[in-house]
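Chemist: Pasting in a structure now, in structure tokens, and then I'll have a few things to ask.
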Amino acid sequence: MVREAQHGEKEKAENDWRHGTNSARLTPMSEFPKPEVIITHESDLDGFVSGHLLQRLARKLFDTDVPLQAWNYNNWERRPLREQSAWVCDLNFAARMDRENWLIVDHHATEVEPRKCRLVHDTSKSASLLSYELCQQHDLGNEKLDRLVHYTNVGDLFLTDDPEFTRAIDYGSLVKQYYFWNLHSMIGEDLESLVDHPLLKVVATRREVVNPLGFAHAKANLERLTDIVGLVDTPVGDSNTILHQLLDDDEVPYPVLATLTIRFRTVSISLRSQNGEALPIAKQLQGGGHPNASGASLPNTVQRIPDAKEYLKKVLNPEVGDTGLGSLEEALKGVEVK
Numbered sequence: 001m002v003r004e005a006q007h008g009e010k011e012k013a014e015n016d017w018r019h020g021t022n023s024a025r026l027t028p029m030s031e032f033p034k035p036e037v038i039i040t041h042e043s044d045l046d047g048f049v050s051g052h053l054l055q056r057l058a059r060k061l062f063d064t065d066v067p068l069q070a071w072n073y074n075n076w077e078r079r080p081l082r083e084q085s086a087w088v089c090d091l092n093f094a095a096r097m098d099r100e101n102w103l104i105v106d107h108h109a110t111e112v113e114p115r116k117c118r119l120v121h122d123t124s125k126s127a128s129l130l131s132y133e134l135c136q137q138h139d140l141g142n143e144k145l146d147r148l149v150h151y152t153n154v155g156d157l158f159l160t161d162d163p164e165f166t167r168a169i170d171y172g173s174l175v176k177q178y179y180f181w182n183l184h185s186m187i188g189e190d191l192e193s194l195v196d197h198p199l200l201k202v203v204a205t206r207r208e209v210v211n212p213l214g215f216a217h218a219k220a221n222l223e224r225l226t227d228i229v230g231l232v233d234t235p236v237g238d239s240n241t242i243l244h245q246l247l248d249d250d251e252v253p254y255p256v257l258a259t260l261t262i263r264f265r266t267v268s269i270s271l272r273s274q275n276g277e278a279l280p281i282a283k284q285l286q287g288g289g290h291p292n293a294s295g296a297s298l299p300n301t302v303q304r305i306p307d308a309k310e311y312l313k314k315v316l317n318p319e320v321g322d323t324g325l326g327s328l329e330e331a332l333k334g335v336e337v338k
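Below you can see the structure in the form of structure tokens.
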């Protein structure tokens, strides 16, 4: 969002923002201040690619290497924002990020209107595609990056009708299976080397072997959280692929499917749907995301999967007459912290 626009341009920009279509071309990169740091999402390929693309762009514009940081959502929300200038990508735009001399490149739905920062935002594009469009304005595109960004966009937005969807999911699995900084250590800043990387053969073989096993286990062990939400156990296989296979299965009664994970003593819930039902559930849990791909971190008092199940059943099935706050307080009763 270019807040310095003239009246007519400003009105158009605000209208674009409200419809989630604030494209990269609205923002002249030459006016951006040099960032102290580039911050991205550590948990998926979209964050990996977009962060490295912005780092490459900063080097082209300012002839210097800007440090790259990667954060998961839970720790990012706790991180103090001390920088006078930063570029942030693929981390949900929130009011605290609306700061002078900050650039935000994001595609998640948001209710926050930018007033100080420069926001490049489009819910129909991945953060990688938005970042790549900025790079292309400065002749930083090439055929391999075209392919990598396409795979990232298809996988992150889960564009199942794309003919290369399965291949795109394999690319996304690189970060999920080998993790952000391990992958960074292996390829450095050579994003192009990810295209047709030998590890993709390992990912594809693993998918062919374990996804059918994971699907069979998940379908046989579905657990009801509510009449709408079913909990899925995915000990093996790509959870996103398995969840969408289950959503396509007529024998599965739930329009929203959830998985639970624990990392750094924090329990997180991931929600998937096909018709926009996931996001309202995530918001009910103080989370967010996309209409069909959302998530939330559960309260710190919930640190085990059994406790998380009980918490979710109480919060998502409030007794008649309960207020939201009352239900939350009730849900936390009896949760043991260890």
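Position 28 of the sequence shown, counting from 1, maps to 28 under the UniProt record's numbering, and the rest follow consecutively.
Just so it is clear, CB atoms sit at the ideal spot from N, CA and C, and this is done for glycine as well.
If you follow the alpha helix (DSSP H) that Ile228 is in, where does it begin and where does it stop?
Modeler: Where Ile228 is concerned, there is no enclosing alpha helix (DSSP H), given that its DSSP letter is neither H nor E.
Chemist: Note down, one range per segment and in chain order, each alpha helix (DSSP H) of at least 4 residues found wholly within the stretch 200-224.
Modeler: The stretch 200-224 contains no whole alpha helix (DSSP H) run of 4 or more residues.
Chemist: Use the C-beta contact count for Phe215: other C-beta atoms within 10 angstroms, 16 or more gives buried, fewer gives exposed.
Modeler: Per the 10 Å Cβ criterion, buried.
Chemist: Under 7 angstroms between the Cβ atoms of Ser126 and Leu157?
Modeler: In contact: Ser126 and Leu157 (Cβ atoms closer than 7 angstroms).
Chemist: Report the rounded CA-to-CA distance for residue 386 versus Gln177, giving the unit in angstroms.
Modeler: Lying outside 1 to 338, the shown extent of the chain, residue 386 is not represented and no answer is given.
Chemist: Rounded to whole angstroms, what's the CA-CA distance from Thr21 to Glu31? Just pull it up for me.
Modeler: Note that Thr21 scores 46 on pLDDT, short of 50, meaning its location in the model is unreliable and no value can be drawn from it.
Chemist: Go ahead and pull the three-state DSSP assignment for Ala278.
Modeler: Here Ala278 sits in helix by DSSP.
Chemist: Does the beta-carbon of Gly289 have 16 or more other beta-carbons within 10 angstroms, so that it is buried, or is it exposed?
Modeler: Classification of Gly289: buried, given that the 10 Å Cβ count is 16 or more.
Chemist: So the alpha helix (DSSP H) Leu243 belongs to, where does it begin and stop?
Modeler: Where Leu243 is concerned, the enclosing alpha helix (DSSP H) stretches over Ser239 to Leu247.
Chemist: From the DSSP output, in three-state form, read off Ala94 for me.
Modeler: It is coil, neither helix nor strand.
Chemist: So, is Leu238 buried or exposed, given that buried needs 16 or more other C-beta atoms within 10 angstroms?
Modeler: What sits at residue 238 in the sequence shown is Asp, not Leu. Flag for Asp238 reads buried.
Chemist: Does the contact criterion of 3 or more C-beta pairs under 8 angstroms hold for the stretch 114-128 versus the stretch 158-168?
Modeler: Not touching, per the Cβ criterion.
Chemist: For Glu152, does the three-state DSSP call read helix, strand or coil?
Modeler: According to the sequence as given, residue 152 is Thr; it is not Glu. Thr152: helix per DSSP, three-state reduction.
Chemist: State the Cα-Cα distance for the pair residue 339 and Asp63, rounded to the nearest angstrom.
Modeler: Nothing about residue 339 can be read from this structure; the chain reaches only from 1 to 338.
Chemist: Under 8 angstroms by Cβ, that's how I've got Asp98 and Arg115 pegged, so tell me the actual separation to the nearest angstrom.
Modeler: About 6 angstroms separates the two Cβ atoms, so the contact holds.
Chemist: With a 10 Å radius around its C-beta and 16 neighbouring C-beta atoms as the bar for buried, classify Arg25 as buried or exposed.
Modeler: Legend: pLDDT at Arg25 = 43, less than 50; position of this residue unreliable, value from coordinates given subsequently. By the 10 Å Cβ count, Arg25 comes out exposed.
Chemist: So Gly295 is in the beta strand (DSSP E); what residue range does that whole segment cover?
Modeler: Counting along the chain, the beta strand (DSSP E) containing Gly295 begins and ends at Ala293 to Ser297.
Chemist: Tell me the residue span of the beta strand (DSSP E) that contains Gln69.
Modeler: Unbroken beta strand (DSSP E) run through Gln69: Leu68 to Trp71.
Chemist: Between which two residues does the beta strand (DSSP E) holding Thr259 run?
Modeler: Segment Val256 to Arg263, the beta strand (DSSP E) holding Thr259.
Chemist: Would you kindly work out how many angstroms separate the C-alpha atoms of Lys144 and Lys309, rounded to a whole number?
Modeler: Rounded to the nearest angstrom, the two C-alpha atoms are 44 angstroms apart.
Chemist: When DSSP labels each residue in this structure, what does Gly51 get in the three-state scheme?
Modeler: Helix.
Chemist: Over the uninterrupted beta strand (DSSP E) stretch that includes Cys89, give me the two end residues.
Modeler: Start and end: Ala86 to Cys89.
Chemist: With 16 other CB atoms within 10 Å as the buried threshold, where does Asp65 fall?
Modeler: Per the 10 Å Cβ criterion, exposed.
Chemist: Figure out for me which residue from Thr259, Thr241, Asn240 and Pro255 has the closest Cα to the Cα of Asp233.
Modeler: Nearest of Thr259, Thr241, Asn240 and Pro255 to Asp233, Cα basis: Thr259.
Chemist: So Asp106 is in the beta strand (DSSP E); what residue range does that whole segment cover?
Modeler: Run containing Asp106: Trp102 to Asp106, per the beta strand (DSSP E) assignment.
Chemist: Quick check: Asn153 and Leu129, are their CB atoms within less than 7 angstroms of each other?
Modeler: Yes, they are a contact pair.
Chemist: How is the beta strand (DSSP E) around Leu119 delimited, first residue to last?
Modeler: Arg118 to Asp122 is the extent of the beta strand (DSSP E) around Leu119.
Chemist: Drop a sphere of 10 angstroms on the beta-carbon of Phe264, count the other beta-carbons inside from all chains shown, and report buried for 16 or more, exposed for fewer.
Modeler: Classification of Phe264: exposed, given that the 10 Å Cβ count is below 16.
Chemist: Distance, Cα to Cα, Val210 vs Arg147?
Modeler: Rounded to whole angstroms, Val210 to Arg147 spans 26 angstroms at the Cα level.
Chemist: To the nearest angstrom, how far is it from the Cα of Asn77 to the Cα of Gly47?
Modeler: For the sequence presented, residue 77 should be read as Glu rather than Asn. About 16 angstroms.
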